[in-house]
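First residue of the sequence shown? That's 40 in the working numbering, and the numbers climb one at a time after it. Here the structure is laid out as structure tokens; the discussion comes afterwards.
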Amino acid sequence: AFTYIYSYTLSSVTNGQIGYQDGPVATAKFEEFVGITIDGNDNIYNAQYNKPRVRKISPSGDVSTMAGDGTIGHVNANGTNAKLGQHDIVSSDAAGNIYVADLGGYIRKIDLNKNVTDFYTFSSGIQPYAVKVMPSGNVYVTAYLTSTSSSAIGKITAAGNLTWLATSAGVGDVDGPVGTAKFNLYDGLEVSADETKIYVTDFSHGANVGNKVKMLYNNSITTIAGNSSLSDGNGPALSVGFKLLSNLLLDKDGGLYIADAFNGKIKYLKDGNVKTILGDAGKGDVDGDVSLAKIYYPHGLVFDSKGDLYISDASLMKLKKLTID
């Protein structure tokens, strides 16, 4: 069978200047780049963890603030009058509403008019890490349950009803049926279009180090990439190591793009094999052909309507674009 070979070219969308300034992207400043999401009009939204705001970058290159005043809190109001909690991950629905995984114990919702509300309030001691809203209106979450020091994967319906799909049976790394499986989740969360498969990043092996990709399917948790080692490599998915997997993104072919943050690489998982898409030249800040291009700490991943990949780099404080031809 003929396999099309893609070419990849990296460019910088933002300038890397640190600070807080809206306006043209050429002069705008950002305090943080962590999780990103994109709406149906190719507007990109950026999360900020320590100085909580959600910023918007339009396709024409205009930067604005959607919500948050940069201080940690919980105030539902309009735009910069609102306060958000610490958050890494944001997700957009079909209408352009933004959902925020607020570590204060909420899924916050920002509408098109910048009004901030609580879409869902968790019970005490539950911290949502990641959020992914689907065209159906279902909102998937990963969360940390402080009372049992365990991780969980949940689904919230559009009507606001939460179901826990999988809760870790204690601390550890054990694949198997929900109820006996053990896992320790990080930021990564991706859901197949039909909502039958949920992909997560696991950091059971080492403090704050996500180095396995796991899948929840048919009420069972399975490792699909990663071998417990903090390493790097390409080849059969279960024999390669990673260092701090942050985000995951499915493409139209069923392949999974993986942000391997500590390795400074974008990996691609398909048909049981992992290959490096970006980062073989080493870590740094170099645009151009992918054979020479460098990033430092890839975090968020989104596709635009053309199929190009946007990467937020949490170390370079930049939004990068990987043009795929």
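Glycine included, every Cβ here is placed at the ideal spot set by N, Cα and C.
Between the CA atoms of residue j and residue i - distance to the nearest angstrom
i: Thr-315; j: Lys-253; result: 19 Å
i: Phe-332; j: Leu-317; result: It is Ala, not Phe, that sits at residue 332 in the sequence shown. Straight-line Cα distance between these residues: approximately 7 Å.
i: Val-73; j: Asp-364; result: 26 Å
i: Val-328; j: His-113; result: It is worth fixing the name first, because residue 328 is Asp in this sequence and not Val. Cα-Cα distance, rounded: 44 Å.
i: Asp-226; j: His-126; result: 10 Å
i: Ala-169; j: Met-356; result: 20 Å
i: Ile-350; j: Leu-358; result: 6 Å
i: Val-155; j: Lys-148; result: 6 Å
i: Leu-287; j: Asn-117; result: 31 Å
i: Ala-191; j: Thr-185; result: 11 Å
i: Thr-187; j: Leu-340; result: 31 Å
i: Asn-115; j: Leu-142; result: 15 Å
i: Gly-193; j: Thr-48; result: 36 Å
i: Arg-94; j: Asp-101; result: 10 Å
i: Thr-202; j: Gln-166; result: 15 Å
i: Gln-87; j: Lys-221; result: 30 Å
i: Asn-247; j: Asp-233; result: Its pLDDT being 48, under 50, Asn-247 is placed unreliably in this model, and the value from its coordinates should be taken loosely. Using only the alpha carbons, I get a separation of about 31 Å.
i: Ser-103; j: Gly-218; result: 44 Å
i: Leu-283; j: Ser-268; result: 11 Å
i: Thr-24; j: Tyr-43; result: The requested residue 24 is not part of the displayed model; the chain covers only 40 to 364.
i: Gly-321; j: Phe-301; result: 11 Å
i: Gly-272; j: Lys-360; result: 23 Å
i: Asp-319; j: Ser-330; result: 7 Å
i: Met-105; j: Val-313; result: 37 Å
i: Tyr-45; j: Gly-164; result: 45 Å
i: Gly-265; j: Asn-152; result: 42 Å
i: Thr-53; j: Val-64; result: 6 Å
i: Pro-275; j: Phe-242; result: 20 Å
i: Ile-297; j: Gly-323; result: 18 Å
i: Ala-426; j: Tyr-84; result: Since the first residue of the chain shown is 40 and the last is 364, residue 426 is not available in this structure.
i: Leu-224; j: Tyr-335; result: 23 Å
Residue i - containing beta strand (DSSP E), residue span
i: Lys-357; result: 357 to 363
i: Asn-85; result: 83 to 86
i: Ala-182; result: 178 to 184
i: Ser-130; result: 129 to 131
i: Ile-111; result: First-last for Ile-111: undefined, no H or E at that position.
i: Gly-218; result: Where Gly-218 is concerned, there is no enclosing beta strand (DSSP E), given that its DSSP letter is neither H nor E.
i: Val-230; result: 224 to 230
i: Ala-9; result: Outside the modelled stretch of the chain, which goes from 40 to 364, sits residue 9, for which no answer is possible.
i: Tyr-256; result: 251 to 256
i: Arg-92; result: First-last for Arg-92: undefined, no H or E at that position.
Under the three-state DSSP convention, the category residue i falls into
i: Asn-120; result: helix
i: Ala-300; result: coil
i: Ala-276; result: helix
i: Gly-209; result: coil
i: Ala-140; result: strand
i: Ser-267; result: coil
i: Met-173; result: coil
i: Gly-293; result: coil
i: Asp-326; result: coil
i: Thr-202; result: strand
i: Gly-58; result: coil
i: Ala-106; result: strand
i: Ile-192; result: strand
i: Val-73; result: coil
i: Gly-100; result: coil
i: Gly-339; result: strand
Anticipated Cβ contact below 8 Å, residue i with residue j, distance rounded
i: Tyr-183; j: Phe-161; result: Incorrect: roughly 10 Å between the Cβ atoms, too far for contact.
i: Ser-189; j: Val-210; result: 7 Å
i: His-338; j: Asp-347; result: Contact doesn't hold; Cβ gap of about 17 Å is too wide.
i: Asn-177; j: Ala-198; result: Not really, about 10 Å apart at Cβ, beyond 8 Å.
i: Tyr-256; j: Thr-240; result: Not quite, the Cβ-Cβ distance comes to about 16 Å (not below 8 Å), so this is no contact.
i: Ser-131; j: Val-180; result: That belief does not hold up - the Cβ atoms of Ser-131 and Val-180 are roughly 15 Å apart, past 8 Å.
Is the region 115 to 122 close to the region 64 to 79, with three or more CB pairs under 8 Å? Contact between the region 115 to 122 and the region 64 to 79 is absent, because fewer than three Cβ pairs lie under 8 Å.
Pair every Cβ in the region 260 to 268 with every Cβ in the region 285 to 292, then say whether three or more of these pairs are closer than 8 Å. Segments in contact, no.
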